[in-house]
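Residue numbers (this note's numbering), protein chains in the order written: chain A, 36 to 174; chain B, 36 to 174; chain C, 36 to 174.
Take a look at the structure set out below.
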């Protein structure tokens, strides 16, 4: 059993940029030399999230639309009243979705559905350079 | 430390079928021969999710009702415009809930609350055969 | 590779109390003697949740406000009709957020953003004594 730490750096375009990480996570698992285990992808930061989605243009509009219904840009946030950085809704969305995703692998391959991609969801209102952590545990 | 991969096959009834997996996950942990560690339950696919719930008939209605408020069947989805498979809301709900759940175990027993069950949530609009992954890591 | 189980006991004030666990989780990782791995924080129980948030007074109001929009206290719940414990919305919120959070660590330090804290979210309507599980796996 071994633990390996890799990083994925992405430059995002701001709200709501959804970035497909599948190939990079798959590559990290293959390069690890490990056969089976789990990989945890994590965003250090409170305005981004990890999940999976079928990465096609329709859902890249539908998912942000759902976030807008749940925590809209135009309602009042106490965070805004105090900090004036315009991203109260970004923080709320990030806490709802969560900063972490754990995916199993076997035979050095991620166990994913055919139409299922690992994505980072940029929720902040501006472009950000994100350094995501890929923690691989296995044997 | 060892990694073990088990599978749980379920036949779902379509939207929103909530299936109690607790006994099967508990059985997989007991059969692993491992004493302590974590188990990750994962759905390969982009229209299902894992979470925990008190598995009683009231909440089996209340939880789908909340999903209907967040991502209703009857609003317009770009996914639908492109693919015409009637499950845009299923994808959005799945990405919000997440495909993965990690639960600790000790003395070969899952550490769960008395009224807390591990469930698979079928979000697709039709019956599906799901082959869920149970990845156990421990010693 | 080793697995260590720690516990964090918290006394909550009821709905929606958000408790910063970062220092206690960080302490558990430091005391483990492990250098790198993952830590899973888990609530045994179906009316609480784990996530991360920027722990500042504005968001401690904004996040509960979002939960109120998603699963409000004053709408009708079938759980309530059956059990009369006034916490149907608590269960629904908990299942949406999830009972589990996994965070990587390196050099015996949690990999978190500067403005990102690990929190337990009490969703039940009354004060609760919670015994959270901190499962550490690493080397």
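From the three backbone atoms N, C-alpha and C, an ideal C-beta is built for every residue, glycine too.
Starting from the beta carbon of residue 47 of chain A, find every residue of chain C whose beta carbon is closer than 7 Å, and list them in chain order.
Correct list: empty, because the minimum Cβ distance to chain C is about 15 Å.
What does the alpha-carbon distance come out to for the pair residue 129 of chain B and residue 67 of chain C?
Their backbone Cα atoms lie some 35 Å apart in a straight line.
Mind checking which residues open and close the alpha helix (DSSP H) that includes residue 105 of chain C?
94–105
I'd like to check one pair, residue 165 of chain B with residue 155 of chain B: are the Cβ atoms closer than 8 Å?
yes
Does the count of Cβ pairs from the segment 112–131 of chain A and the segment 58–76 of chain C closer than 8 Å reach three?
Short answer: they don't touch.
Straight-line CA distance for residue 150 of chain C to residue 77 of chain B?
30 Å
Taking 8 Å as the threshold (C-beta atoms), are residue 64 of chain A and residue 135 of chain A in contact?
no
Could you tell me whether the Cβ of residue 63 of chain B comes closer than 8 Å to any Cβ of chain A?
no
Taking the alpha carbon of residue 93 of chain B as the reference point, which residue from B:132, B:81, B:53 has its own alpha carbon closest?
B:53
Can you confirm whether residue 101 of chain B, when its beta carbon is compared against all beta carbons of chain C, has any partner nearer than 8 Å?
yes
Relative to chain B, which residues along the segment 128–144 of chain A have a C-beta separation below 8 Å, given in chain order?
131, 132, 133, 136, 137, 138, 139, 141
Assuming residue 105 of chain C and residue 171 of chain B make a contact with CB atoms under 8 Å, what is their CB distance in whole Å?
Incorrect: roughly 33 Å between the Cβ atoms, too far for contact.
Skipping 5 residues on each side, what residues in its chain have a beta carbon closer than 6 Å to that of residue 99 of chain A?
51
Alpha carbon to alpha carbon, what distance is there between residue 101 of chain A and residue 159 of chain A?
Looking at the backbone, the Cα of residue 159 of chain A and that of residue 101 of chain A are separated by about 16 Å.
Taking the alpha helix (DSSP H) that residue 72 of chain C belongs to, which residues open and close that run?
It is not in any alpha helix (DSSP H) - residue 72 of chain C instead sits in the beta strand (DSSP E) that spans 72–77.
Since residue 150 of chain C meets chain A, which of its residues come closer than 7 Å, beta carbon to beta carbon?
81
Are the beta-carbon atoms of residue 45 of chain A and residue 153 of chain A separated by less than 8 Å?
Contact: no.
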